[in-house]
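Peer 1: Take the sequence shown: its letters are residues 152 to 469, numbered as in my numbering.
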Amino acid sequence: MQEITSSLESEFALVGGDYTNINIIKRRALSKYLTMQYLPFLEIAAEKYIMREQVTNTRGCSDFLYVSNDNVLISNGFCKNRWCLVCNRIRTAGLINKYQEKLDEWKDKQFVTLTIPNVSSTEISKTNSLIHNALYKIKDLSRKKSSGCGSISGFRKYECTYNPIRNDFHPHFHMIVENQKQAEFIHNQWLKRFPNANKVAQDIRPATTNATKELFKYFTKLISKQQNDRTIYPAALMHIFANVRGLRVFQPFGDFYNKINNNVEEEVFNIERVGIDFDKEKYRWDSTENDWCNIKTCKNLTNIEFKQVPWTVDPRTF
Ligand SMILES: [Zn+2]
152 MQEITSSLES
162 EFALVGGDYT
172 NINIIKRRAL
182 SKYLTMQYLP
192 FLEIAAEKYI
202 MREQVTNTRG
212 CSDFLYVSND
222 NVLISNGFCK
232 NRWCLVCNRI
242 RTAGLINKYQ
252 EKLDEWKDKQ
262 FVTLTIPNVS
272 STEISKTNSL
282 IHNALYKIKD
292 LSRKKSSGCG
302 SISGFRKYEC
312 TYNPIRNDFH
322 PHFHMIVENQ
332 KQAEFIHNQW
342 LKRFPNANKV
352 AQDIRPATTN
362 ATKELFKYFT
372 KLISKQQNDR
382 TIYPAALMHI
392 FANVRGLRVF
402 QPFGDFYNKI
412 NNNVEEEVFN
422 IERVGIDFDK
432 EKYRWDSTEN
442 DWCNIKTCKN
452 LTNIEFKQVP
462 WTVDPRTF
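What follows is the structure in structure tokens.
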């Protein structure tokens with residue numbers, strides 16, 4: 152496979168910004184190609200949750216590319232779904248773009264991980280409520296003078312992963328908070344509420360720039376890669392997605408929340424489509440070519456070739 156490199160920051164630039172680097176488009180082609188490979192399996196798994204239509208919607212994500220009057224390539228629209236690799240990369244890039252600089256102003260910022268023991272498929276929903284409520288109460292408690300750390304300020308991400316060997320789920324939080332005192336307060340309060348939580352797993356460490364960038368990535372792993380094989384767990388994934396409906400995956404809070412405009416989704420995905428010359432050049436995704444092809448000339452845009460590797464689809468259901 153061709154080496155495709157493009158930073159997430161440059162991915163953001165493509166969203167309505169200046170587009171000069173073909174690597175960015177190649178990276179998006181790879182994301183689109185991979186998403187289209189596993190989407191049929193997710194569609195089947197989605198039926199149980201009456202989410203098939205929403206999953207199918209991803210087929211049309213970033214299907215068309217138009218050339219604007221200033222020769223910028225602009226996508227027709229994004230599905231914004233959490234199982235879409237195209238949208239996940241754009242979302243991550245947008246979050247980094249928006250939050251990284253502000254987080255970097257904190258010199259003592261800490262990366263906090265809060266976990267509880269893994270749960271079965273039937274327990275995810277109530278566990279999600281339980282841990283979200285606990286964190287809400289801890290944040291509330293921090294405002295009291297007795298907390299000694301001041302009102303907690305920062306950013307949290309909810310994550311849920313699937314363990315195929317144990318066949319159970321791991322809902323947990325990652326957070327960036329302003330300083331060590333706040334981190335320790337959260338840590339102690341968490342262990343008070345969840346005494347069964349593994350003490351070693353409740354991690355506090357200085358938040359490096361790389362750690363904060365990691366935090367903005369997708370909230371569950373979509374593809375498990377072995378050496379020459381890709382594995383997907385459609386039923387487990389749809390179960391996770393169905394159980395996060397209505398929950399915020401990314402959430403700024405405290406003073407940090409007040410400093411920023413919270414609606415990143417809207418900012419990132421809603422692109423002004425002014426100045427597009429729809430007759431000039433238009434490319435459409437071709438699932439046989441795995442590339443965007445010029446509507447008039449049929450010429451491929453990226454000429455990228457993907458290495459075909461076998462997929463393993465886990466047959467389990469929940
Ligand atoms: Zn998408």
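All C-beta atoms, glycine included, are put in the ideal place defined by N, C-alpha and C.
Considering only heavy atoms of ligand 1 and the C-beta of each residue, which residues fall inside 7 angstroms, strictly closer?
Peer 2: Listed by chain position, these are THR209, CYS212, SER213, PHE229, CYS230, LYS231, ASN232, CYS235, VAL237, CYS238.
Peer 1: I'd like to check one pair, ASP380 with PRO461: are the Cβ atoms closer than 8 angstroms?
Peer 2: Yes. Within cutoff.
Peer 1: Going by DSSP, what residue range makes up the alpha helix (DSSP H) through TYR250?
Peer 2: Run containing TYR250: 236–254, per the alpha helix (DSSP H) assignment.
Peer 1: Distance check for VAL237 and LYS183, CA to CA, integer angstroms please.
Peer 2: Their backbone Cα atoms lie some 6 angstroms apart in a straight line.
Peer 1: Using the Cβ count rule (16 or more neighbours within 10 Å means buried), how would you classify THR453?
Peer 2: Result: buried.
Peer 1: Shortest alpha-carbon distance to LYS290 belongs to which of ILE355, ALA197, VAL328?
Peer 2: Among ILE355, ALA197, VAL328, the Cα nearest to that of LYS290 belongs to VAL328.
Peer 1: From the DSSP secondary-structure annotation, give me the bridge partner or partners of PRO322.
Peer 2: Answer is CYS311, bridged to PRO322.
Peer 1: Spatial neighbours of GLU335 within its chain, please: C-beta separation below 8 angstroms, excluding the five flanking residues on both sides.
Peer 2: Closer than 8 angstroms at the Cβ level, and outside the excluded window around GLU335, lie CYS300, ILE355.
Peer 1: Can you tell me whether GLU194 is buried or exposed? The criterion is at least 16 other CB atoms within 10 Å of its CB, across all chains shown.
Peer 2: The residue is buried, with at least 16 neighbouring Cβ atoms inside 10 Å.
Peer 1: Please name the residue, chosen from TYR369, ALA393, SER438, ALA362, that lies closest to GLU255 on a Cα-to-Cα basis.
Peer 2: A small fix is needed here, since residue 255 is Asp in this sequence, not Glu. It is ALA362.
Peer 1: For PHE457, which residues of its own chain have a beta-carbon under 8 angstroms away from its beta-carbon, when the five flanking residues on both sides are left out?
Peer 2: Cβ within range, chain order: MET152, LEU181, TYR184, ASN441.
Peer 1: Rounded to a whole number of angstroms, what is the C-alpha to C-alpha distance between TYR309 and LYS447?
Peer 2: If I take the Cα positions, the gap works out to 45 angstroms.
Peer 1: Rounded to whole angstroms, what's the CA-CA distance from ASN248 to LYS410? Just pull it up for me.
Peer 2: For ASN248 and LYS410, the distance between alpha carbons rounds to 15 angstroms.
Peer 1: Could you tell me the distance, in whole angstroms, from the CA atom of ALA244 to the CA atom of ASP214?
Peer 2: One C-alpha to the other measures close to 20 angstroms.
Peer 1: Can you determine whether any heavy atom of ligand 2 sits closer than 7 angstroms to the C-beta of PHE229, and answer yes or no?
Peer 2: As far as ligands go, the structure on display features ligand 1 and does not contain ligand 2.
Peer 1: How big is the Cα-Cα spacing for ASP406 and PRO322?
Peer 2: Using only the alpha carbons, I get a separation of about 26 angstroms.
Peer 1: Using CA coordinates, which residue listed in PHE420, VAL419, PHE392 is at the minimum distance from GLN205?
Peer 2: The candidate whose alpha carbon is nearest that of GLN205 is PHE392.
Peer 1: For ILE225, name the three-state secondary structure that DSSP assigns.
Peer 2: If DSSP states are grouped into helix, strand and coil, ILE225 belongs with the strands.
Peer 1: Which residues in the same chain have their Cβ closer than 7 angstroms to the Cβ of LYS368, if we skip the five residues on either side of it in sequence?
Peer 2: These residues qualify, in order along the chain: THR243.
Peer 1: In terms of residue numbering, what span does the alpha helix (DSSP H) encompassing PHE420 cover?
Peer 2: PHE420 -> alpha helix (DSSP H) spans 415–420.
Peer 1: So ASN473 and PHE320 are supposed to be a Cβ contact under 8 angstroms. How far apart are they, rounded?
Peer 2: Nothing in the structure corresponds to residue 473, since the chain is present only between 152 and 469.
Peer 1: Just to confirm, are PHE324 and LEU286 a CB contact at a threshold of 8 angstroms?
Peer 2: The answer is yes: Cβ separation under 8 angstroms.
Peer 1: Straight-line CA distance for ILE241 to THR264?
Peer 2: Taking the straight line joining both Cα atoms gives about 24 angstroms.
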